[in-house]
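Below is one structure, written out as structure tokens; comments come after it.
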Ligand code: SF4
Ligand code: SF4
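Residue numbers (the numbering used here), protein chains in the order written: chain B, 331 to 531; chain E, 114 to 483.
What follows is the structure, encoded as structure tokens:
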């Protein structure tokens, strides 16, 4: 009998302890973020889907169509399409298709790219009605971003001699591509604060 | 094996799951009930099978790495740690000390996040809703830190064969120090709210008692075996990485009931905080990535690497054949042996106690199914 009442009081007591705690938090400042109206700042290191980096010199991509990202992708969700324009030795990117429905967000493509032409976008508000909405055409996205941000090609600082140097730009890229295999697995820590993190637009 | 309903007997065959909040994933438990008492409980697995082991054989070593975190979505970094350690051992890659420290720090933080998730989910199974709000508050803090350094909140994909993908920065280090202070203060709240609560104690004490012998017989690991009084922890039993350098204890409880497993996990979080604190204090400078050949070829040979994941011992058995893809990768996850206990444990208990037992085992089904 005594035990019976003891238990009732013990039960009541723990209930009160719990309630006291709840009462304390009930008047504490709220920690909830009212999502669609408020957003939290996300870290610039956020690993969203990949995106092409805008080259400020050309207001276009930095890709050299080396296919490294396509070959390294474990999910086979990248398709890089490039072509050689008449009279040029170098391929230019014509389409970069990312099938984000299959991407495992491993980051291998960004790390393997010899020209750092890829970055992680900060997009996290991805919702759609069908799968096709996640087949991204990154080159188109890049053109849209260039337009939206009003980026104009920045001419290179004039080289001392000028003249033949006009063609030097592609060559400038190439040595990087060659030294890359050794360095490409290096962490990209220093470049971490990628472009403009979008804390929810 | 699966019991059929027998109209001549007053028993009921009931499926719990595969989509049931208390089975923590796609686990189906076929229950044979007599009133509210469980006569037999047979776990049926395989609904979440994604052939990860087979996928390892068709992907390169770094290419497969992103998969391992998907197996245990609550403690992904421990799974990654085991994988990279196994490959590095077989390929003979030396990891820079800073990278190894970073691995330990992030893995232990991930273990805390995993235990916090268990804390909330296990109490939610018992019908207590408030604690999950508190534990998620802390877990968010922890995941924010991990997100800052790894770029993702759940599927971290952070380690690389030969190091880690990104160095720590001051924001992370300061934030972690603050988090340690904050969580230490919160344990008191948890104690008040849950540990001393008489309803919680009545639901857990003497429920699902796993004797020492039974735990050993089934090969249980992690908090389950430590709750039965066996001080077995891979971090001490088969030291790997930097764990021998750190000063921490292996909490055990002799009772073997659900309450013991609860107390072990709560004590483990404190020990993890201690490890993180020590590792942060000793964090050396230097590179975080070793030189790794672009096309990594491993083997021929085989190796076994065991690590202590949040739920227990995790083994990777890796056979390399000298190419850039493994010949075979066998994963032995902790939840599988812990789940196999359930059938014997469940006989004769109340249905509501079965939920408490399931919660205290802290099962993550995708790691069983892979
Ligand atoms: S790895 Fe970089 S440069 Fe090469 S194709 Fe991919 S994006 Fe272009
Ligand atoms: S992140 Fe990984 S899976 Fe996704 S596109 Fe890049 S390489 Fe492929």
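The beta carbon of each residue, even a glycine, is placed where N, CA and C say it ideally should be.
- Excluding residues up to 5 positions away in sequence, 161 and 184 lie with their Cβ nearer than 6 Å to the Cβ of residue 479 of chain E in the same chain.
- At a Cβ-Cβ threshold of 8 Å, residue 423 of chain E and residue 266 of chain E do not count as neighbours.
- For residue 317 of chain E, there are no C-beta contacts with chain B under 8 Å, since the nearest C-beta of that chain is about 14 Å from it.
- For residue 228 of chain E, the enclosing alpha helix (DSSP H) has its first and last residue at 210 to 238.
- In terms of side-chain proximity, the C-beta atom of residue 173 of chain E is found no nearer than 7 Å to any non-hydrogen atom of ligand 1.
- Runs of alpha helix (DSSP H) with 4 or more residues, each lying fully within the stretch 395 to 471 of chain E, are found at 447 to 459, listed in chain order.
- Residue 239 of chain E and residue 158 of chain E have their C-alpha atoms spaced approximately 23 Å apart.
- The C-alpha of residue 476 of chain E lies about 23 Å from the C-alpha of residue 350 of chain E.
- Taking C-beta atoms under 8 Å as the contact rule, residue 378 of chain B and residue 311 of chain E fail to qualify, at a distance of about 47 Å.
- If you draw a straight line from the Cα of residue 427 of chain B to the Cα of residue 410 of chain B, it comes to about 6 Å.
- No residue range can be given for residue 372 of chain B, since it is assigned to no alpha helix (DSSP H) and is classified by DSSP as neither H nor E.
- Of all residues in the stretch 411 to 444 of chain B, those with a C-beta nearer than 8 Å to a C-beta of chain E are 434, 435, 436, 437, 438 and 441, reading in chain order.
- For residue 422 of chain B, the Cβ stays outside the 7 Å cut-off from all heavy atoms of ligand 1.
- By DSSP's assignment, residue 128 of chain E forms a beta bridge with E:143.
- Residue burial is scored here from C-beta neighbours: residue 283 of chain E has fewer than 16 other C-beta atoms within 10 angstroms and is therefore classed as exposed.
- Exclusion of residue 317 of chain E from the 7 Å shell around ligand 2 follows from its C-beta lying no nearer than that to any non-hydrogen atom of the ligand.
- Nearest C-alpha to residue 436 of chain B among E:394, E:180 and E:470: E:180.
- Within the stretch 358 to 382 of chain B, contact with chain E at the beta-carbon level (separation under 7 Å) is assigned to 361, 373, 375, 376 and 377.
- The beta-carbon of residue 440 of chain E is placed no less than 8 Å from the nearest beta-carbon of chain B.
- Minimum Cα-Cα distance from residue 464 of chain E among the listed residues E:126, E:209 and E:149 corresponds to E:149.
- DSSP places residue 427 of chain B within a strand segment (E or B) once states are collapsed to three.
- In the three-state DSSP reduction, residue 455 of chain B falls in the coil class, being neither helix nor strand.
- For residue 289 of chain E, same chain residues with a beta-carbon under 8 Å away, outside a window of 5 residues either side, are 218, 222, 258, 389 and 393 in chain order.
- By the Cβ test, the stretch 444 to 460 of chain B is in contact with the stretch 380 to 392 of chain B, since at least three Cβ pairs between them sit closer than 8 Å.
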